[in-house]
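Working notes for the structure below.
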Amino acid sequence: MTDSKYFTTTKKGEIFELKAELNSDKKEKKKEAVKKVIASMTVGKDVSALFPDVVNCMQTDNLELKKLVYLYLMNYAKSQPDMAIMAVNTFVKDCEDLNPLIRALAVRTMGCIRVDKITEYLCEPLRKCLKDEDPYVRKTAAVCVAKLHDINAQLVEDQGFLDTLKDLISDSNPMVVANAVAALSEIAESHPNSNLLDLNPQTINKLLTALNECTEWGQIFILDCLASYLPRDDRESQSICERVTPRLSHANSAVVLSAVKVLMKFMEMLPKDLDYYGTLLKKLAPPLVTLLSAEPELQYVALRNINLIVQKRPEILKHEMKVFFVKYNDPIYVKLEKLDIMIRLASQANIAQVLAELKEYATEVDVDFVRKAVRAIGRCAIKVEQSAERCVSTLLDLIQTKVNYVVQEAIVVIKDIFRKYPNKYESVIATLCENLDSLDEPEARAAMIWIVGEYAERIDNADELLESFLEGFHDESTQVQLQLLTAIVKLFLKKPTETQELVQQVLSLATQDSDNPDLRDRGYIYWRLLSTDPVAAKEVVLAEKPLISEETDLIEPTLLEELICHIGTLASVYHKPPSAFVEGSRGVQHKRLPPRAGSGESTESPDVGQSGPSEAPPAVIPSQGDLLGDLLNLDLAPPTATVPSVQPSMQMGAMDLLGGGLDSLLGGDIGGSPSVTAMPASLGSAPAVGGGLGDLFDLGGGVGMPTGSYVAPKTVWLLAMKAKGLEISGTFARRGGIIQMDLSLTNKAMSVMTDFAIQFNRNSFGLAPAGPLQVLTPLSPNQTIDVSLPLSTSGPVMKMEPLNNLQVAVKNNIDVFYFSCQYPLSLLFVEDGKMDRQVFLATWKDIPNDNEAQFQIKDIHLNSDVASNKLQGSNIFTIAKRTVEGQDMLYQSVKLTNGIWVLAEMRIQTEPFLLSDLKCTEPRIVYANLLHSQ
Amino acid sequence: AWSMSASAVFVLDLKGKVLICRNYKGDVDMSEIDHFFTLLVQQEEEGLLCPVMSHGNVHFLWIKHSNLYLVATTNKNSNASLVYAFLYKLVEVFTEYFKELEEESIQDNFVVVYELLDELMDFGFPQTTDSKILQEYITQQGNKLEVAKTKVPTTVTNAVSWRSEGIRYKKNEVFIDVIESINVLVNANGSVMSSDIVGSIKLKTMLSGMPELRLGLNDRMLFALTGRDKGKAVTMEDVKFHQCVRLSRFESDRTISFIPPDGESELMSYRINTHVKPLIWIESVIEKFSHSRVEIMVKAKGQFKKQSVANNVEIRVPVPSDADSPKFKTSTGHAKYVPEKNLVVWSIKSFPGGKEFLMRAHFGLPSVENHEMEGRPPITVKFEIPYFTVSGIQVRYMKIIEKSGYQALPWVRYITQSGGERRFA
């Protein structure tokens, strides 16, 4: 019998039935029920409602059942933080079980329950497990320290777990050592400047010993950790290399790559004349080649890294060209990488073979591969001068195939060949010109135009050719337009008599008919040059061009060094700096190769940060700071003495409150828990914006009187003159949980109005009329009728600007009229918005600072009780109150009709101010609008 | 930031539906996986498939196995090679547990799959992944907590993490298979572009206790070290060993010493970089008469010793996709048209060395030409030659020492296989 039976659903009352089964007395039934719950969880059903029932099954002596319950806990604890505490006891007990499997299971799972409240209970069991007699438990506990650190770093430090973890590096069991190393490395990554790993020759020695004994994965942890160590001198460097090289014979490709990383890095410190240096170089090639027999994805990682290694130390693989020949069944990503490496390895010695291969590839069917092969031929020509002629003739052969994309690629690379070897291969221009009509890609068109312009004096009909491009000038891409402009100017400078008209035409197209500033600017520059000083123009435009360099796609040296230190990682696969993978403000450690040996630099100082030629930042790339400085100093008026201080944070807040965040607010959340919002508002310095809340306070008359929801006076929404005599004014109210739109319709026309109806456009909170507009009797001239229209919040939702905007259409027998109005957000505050105290406290802490907004409301003379009372009338509930230094603090919650919570902290300053600190998470918008609303 | 590997691992079906998943670190939203399939489809359409894809700051590292995608997510600078190696290890472990790894086996065994996912990786760090050892404490039938069964096998954390203690056999034997694959790439004009030999030594160990084994090969480096120079020696360009082999020992004196895993395992693989000619030489003439027919003539010649015989020879010849009404003539064996692969497969049960055979094929072509560009796949040859290795590698001895002092017999077999391709003119 397979587990698939657990996936069959009973549909109706499923949760109910499961609940009953979970609470069954029969063990077997219980277990079956838990399996069904897990099956439901697996197919994505929400079974969080069963939390207490499943947790009740936790205390069992059945290991399989226990594992399932633990699995359930890992998935749902976060959504049920309060109830997760129920599980703590069992965890603590299980951590002391006689069975090491259960102890380990408990400590492993506890760390995966990312509920802050639980973590403190974790400490004692974890401390015991770190010292457990069974290595299986210790190795699991070591990882748990990293888990706990991720949840609460301070706690881990305070509890001294980091020291215990460091001690585990000396553990007698290799797997414990490996996991301790992994955990420490991971933790160290979030403390870039801590000396957490504290690697010294003694610990290195321990690691190297464990390296021989631990699992393949443990070997990777240790090798990756070693890679971050900086040996004191070349002797230490060599001795580490000697102990790492055996790993190159490991069957696991990832072990091999991690070993390659260590060797590539430490090699840097070895003197090049050392015999061992040569030995090491020779040892690296065979394992790198063997990686090409691994699974395709691993081959891909290997190839991306070989690409780096070949740039850093071309000597390692210079004799291995053939292994990079493409096999027919290689996946495309492998083919493209192999091609790239072939070009890097191309030399005079092997160019004949390479070209034969490339020509073969250029006749394949995969377009991207073929293109790259053609381009590769051009790169060979530029790289190996002796082969240039052969490459050009190969390219001409390919052009004869007339395969469109082959021809276009060929022309692009031939342009580069011209740039590299001027006045050598121009005889092929005629052939190129024959293919002019088939070029439809901008890059190829631009290349061809460049060739025509550059060699205009040798092409009899250059003017005709360029003129033919000019017809569709505005449809061309910018690249082509710029090239065409330059080419025609060149042509004019070379053959001024016949081409005056043409050049005027292109200059006017570029300067007058184009709205592309680059094109216009270049056009004007040429124009002025030509009109003021034709001689200078000639010198500028027809100046001798610098030769293009051999390899244009080499990785910048400092980046290359950094990537070599990260061989095997995603950074080395993407060829992007490791810092590109860092989120937020966590610092990054830039890894650099150790200072070169024998380069005159002292290798005594282990501090690469200060020494070594590689340290100096490349002069050509100014640091960002410099650039900014330059920009700011650039021909601007002297900087204004003072930046106008943005005083009330409110105004800024309100601005970005309105933008963004809304989509996440309105979308999603189906079936999930409601998203929670908090905001502190501070009533005071910004009375204008504080309006909404202010209004709430102003109302209600006598102190301490129970008050209802605040209703603003009606305002005119639709002017009679704009609505053929119908005037509408209105306001919104919330009465007994029902939202109402109070309207006054006035007939200012001469004739009777009938057949009223109303409709809303989609809006932010889904407001919609809950019934028809009840105007039962005809509306006579000069008559006014008051109507209350009940609204529902189940209409279609669309974000409005501003958020509380409502577009309304009212129809009568005369016409349809449109207007928009804004409703106070307090309209949407529901009656059951009083959050549980505990939940409030937990949630309050979790709200990120970004999601807070503060407001001040001035000139309100109320004490906290009165304010609280008044606000409660509008469904703003006070959850707690405390007094700090004589100021009352109110903690309040609000729930919106769409399930969003807003939490607020209100500080009431001693007379005459009332300061309210509203805190709001993600949907900051809400409170802002509350305050904006009239 | 640096990190060991995956934040979470997912198993998806071919439509991108998540069958099962495990969140290891909680730093990547689990719903990010929804973008995986969209990206995949998009890349497939563009013909630029890549084993690593990203969406925002989330990276997907994936492999495909039968009708499943195995995907790891991360938002850190993870060790990519470790992640792929781990995903392949997952496939290996699941396959050993369920025989076949496919959609059904995941669903049928979801409880064990969860248990394994929990045991194989912790917080993104791969842990015990040896399926033989795992099977000792993660069993298919839910285990009752009787004290005897619930110990952690000491093997898990031992330095010898691949073999349990207390294994017993009545008859102690080791079977050694030396299997060599020849990879030759022959150009259209018949010149060998690249060639290498990839060998593999596989063990089937049926030995009691904790035996110490030493394997002796005619390794040129070893001979040079020991000053021995009689007999033919082989230069191995690169060698890769199973976890069990003491690598530093090999590094220092080329001794292959180990405590073997029980049952079947690959002890080592090696690569030899010599110029080898194809063992079965293929020549072909293909004449295409547009709109009417295509005629194919293939000649195969056994370029190995007369005493040897190649078995189960399969010569795969690609044909145009619009070819029809095949006719064949062979001097030996039989030819079959496999239209779904656009291939003619010429099978020869036994092919003696030095012999030459011929196959002619005739296909009709439709009068309306197929305008789609077709690739030109090479002709491939598959065969097996027993009792023979191209490299001449030999197992000189296998010493087996166990403290109980039993006598054990090693058995050795040699097989040569091919994995070559011949390009068309």
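Protein chains in written order, with full-length UniProt numbering: chain A, 1 to 934; chain B, 1 to 425.
Every residue gets a Cβ at the ideal spot worked out from N, C-alpha and C, and that includes glycine.
This one's a predicted model, so the numbers in the text were calculated from it and none came from an experiment.
Sequence-distant residues of its chain with Cβ nearer than 6 Å to residue i (five each side left out)
| i | result |
| --- | --- |
| A302 (chain A) | L291 |
| E373 (chain A) | First, the amino acid is wrong: residue 373 (chain A) is Ala here, not Glu. Closer than 6 Å at the Cβ level, and outside the excluded window around A373 (chain A), lie L358, Y361, A362. |
| Y6 (chain A) | K35, K36, A39 |
| S788 (chain A) | Q740, D742 |
| V285 (chain B) | M297 |
Residue i (DSSP reduced to helix, strand or coil)
| i | result |
| --- | --- |
| T731 (chain A) | strand |
| K490 (chain A) | helix |
| C21 (chain B) | strand |
| L14 (chain B) | coil |
| R138 (chain A) | helix |
| W162 (chain B) | coil |
| G160 (chain A) | coil |
| E180 (chain B) | strand |
| Q481 (chain A) | helix |
| H362 (chain B) | strand |
| D475 (chain A) | helix |
| K845 (chain A) | helix |
| R413 (chain B) | strand |
| T746 (chain A) | strand |
| S508 (chain A) | helix |
Contact under 8 Å by Cβ, residue i with residue j
| i | j | result |
| --- | --- | --- |
| W450 (chain A) | A487 (chain A) | yes |
| I332 (chain A) | G47 (chain B) | yes |
| I343 (chain A) | R379 (chain A) | yes |
| V186 (chain B) | R396 (chain B) | no |
| R458 (chain A) | I429 (chain A) | yes |
| P409 (chain A) | R445 (chain A) | It should be noted that the sequence gives Glu, not Pro, for residue 409 (chain A). Contact flag unset, no. |
| S744 (chain A) | K724 (chain A) | no |
| L560 (chain A) | L308 (chain A) | yes |
| Y72 (chain A) | A104 (chain A) | no |
Neighbour flag for residue i against chain A, beta carbons, 8 Å
| i | result |
| --- | --- |
| K240 (chain B) | yes |
| C244 (chain B) | no |
| F10 (chain B) | no |
| I393 (chain B) | no |
| I179 (chain B) | no |
| K76 (chain B) | yes |
| S66 (chain B) | no |
C-beta neighbour in chain B for residue i, strict 8 Å
| i | result |
| --- | --- |
| L308 (chain A) | no |
| V573 (chain A) | yes |
| A251 (chain A) | yes |
| M175 (chain A) | yes |
| E295 (chain A) | yes |
| D397 (chain A) | no |
| residue 936 (chain A) | A question about residue 936 (chain A) goes unanswered here, because the residues of chain A that appear run from 1 up to 934. |
| H191 (chain A) | no |
Sequence-distant residues of its chain with Cβ nearer than 8 Å to residue i (five each side left out)
| i | result |
| --- | --- |
| E356 (chain B) | K299, A300, K301, G302 |
| I169 (chain A) | V177, A180, V181, L184, T203, K206, L207 |
| V93 (chain B) | L116, L120, T129, S131, L134 |
Contact set for residue i: own chain, Cβ-Cβ below 7 Å, skip 5 residues either direction
| i | result |
| --- | --- |
| E102 (chain B) | S66, N67, L68 |
| P81 (chain A) | V115, K117, A842 |
| K19 (chain A) | L50, D53 |
- Return the chain-ordered ranges of every beta strand (DSSP E) run that is complete within the segment 777-825 of chain A and spans a minimum of 3 residues. Runs of the beta strand (DSSP E) inside the segment 777-825 of chain A: 784-792, 805-811, 816-822.
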